[in-house]
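Participant:
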Amino acid sequence: MQDREAALEPVAASTDRFVAAVAALDGDQIAGPTLVPPWTRGHVVTHVARATDSLCRLLDWARTGVETPQYTSMDARAAEIEAGARRPVAELVADVRATAARFERAVRALPPAAWHAEVRMRTGESRTPATLVPTRLRELEIHHADLAVGYGFRDIPADVARWIVDDIAEALARRPGTPPLRLETTDTGLVRVLGTGGPTVRGAQADLLAWLSGRSPGTGLTATGVDTVPPAPYWI
721 MQDREAALEP
731 VAASTDRFVA
741 AVAALDGDQI
751 AGPTLVPPWT
761 RGHVVTHVAR
771 ATDSLCRLLD
781 WARTGVETPQ
791 YTSMDARAAE
801 IEAGARRPVA
811 ELVADVRATA
821 ARFERAVRAL
831 PPAAWHAEVR
841 MRTGESRTPA
851 TLVPTRLREL
861 EIHHADLAVG
871 YGFRDIPADV
881 ARWIVDDIAE
891 ALARRPGTPP
901 LRLETTDTGL
911 VRVLGTGGPT
921 VRGAQADLLA
931 WLSGRSPGTG
941 LTATGVDTVP
951 PAPYWI
């Protein structure tokens, strides 16, 4: 249980930051643009809530052993997001809070053996609850930045940002067809190598994360082995 407490603590802090940001918006602002067009802020907030439900389904799979898809289909996922995107701010906040509470209860309900049971995400990637918990952290932090309300990638706690960079790099390393690439941060000493050869992309950890997650063309980064910073590999 100690491991769970350690994993849940930063998730709770990230949830609080995200909820506070959403609660501060008014009706016009919630319909405003984000870093992931054509989604509005209402779309992003709804996605965070529905993605949390999807992680709860995977946790149920780990707990019961009964295969439970993360989503019934990608069309159903899109329809859920669209259906909830235009709700009032108060309803969106309540949804995020309620799904966060369900997620925490689902984590705490796992027996010890289930903590390392393998389940499959919608991407086909195998995960265990031990790694699904920080996946929730990734969703909260990247989508908080997506809201474009003053919280950027440089505001993500350094240890959390490092984990997210690692998580994306590991996902890319497992994906067939990922081009070779070397990642280096100039402020945290992180080095990750994908394949053999390929360019090196280097810069501050926050800038590297913004690029890796597809939110930046590579602003603040440099590259060697190529003329310019290449587009980030598709990761999700």
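When we follow the numbering used here, the leftmost residue of the sequence shown carries the number 721, and every step to the right adds one.
Each residue gets a CB set at the ideal place from its N, CA and C atoms; glycine is no exception.
(1) At the level of alpha carbons, what is the spacing between H864 and G804?
(2) Taking the beta carbon of G938 as the centre, do at least 16 other beta carbons fall within 10 Å, making it buried, or is it exposed?
(3) State the start and end residues of the unbroken beta strand (DSSP E) segment that holds A943.
(4) Is DSSP giving E904 helix, strand or coil here?
(5) Between which two residues does the beta strand (DSSP E) harbouring T855 extend?
(6) Look at the alpha carbon of A727 and the alpha carbon of A771, and state the distance between them as a whole number of angstroms.
(7) Give me the DSSP bridge partner(s) of L914.
(8) With DSSP as the reference, label P832 as helix, strand or coil.
(9) For P753, does the three-state DSSP call read helix, strand or coil?
Facilitator: From the atom records:
(1) Between H864 and G804, the C-alpha separation is close to 18 Å.
(2) Buried.
(3) Here the beta strand (DSSP E) through A943 covers 942-944.
(4) Looking at E904 - three-state DSSP - the assignment turns out to be strand.
(5) Careful: T855 lies outside any beta strand (DSSP E), inside the alpha helix (DSSP H) at 849-866.
(6) Linking A727 to A771 through their CA atoms gives a straight-line distance of about 18 Å.
(7) In the DSSP output, where bridge partners are listed per residue, L914 has L901.
(8) If DSSP states are grouped into helix, strand and coil, P832 belongs with the helices.
(9) Here DSSP, grouped into helix, strand and coil, assigns P753 to strand.
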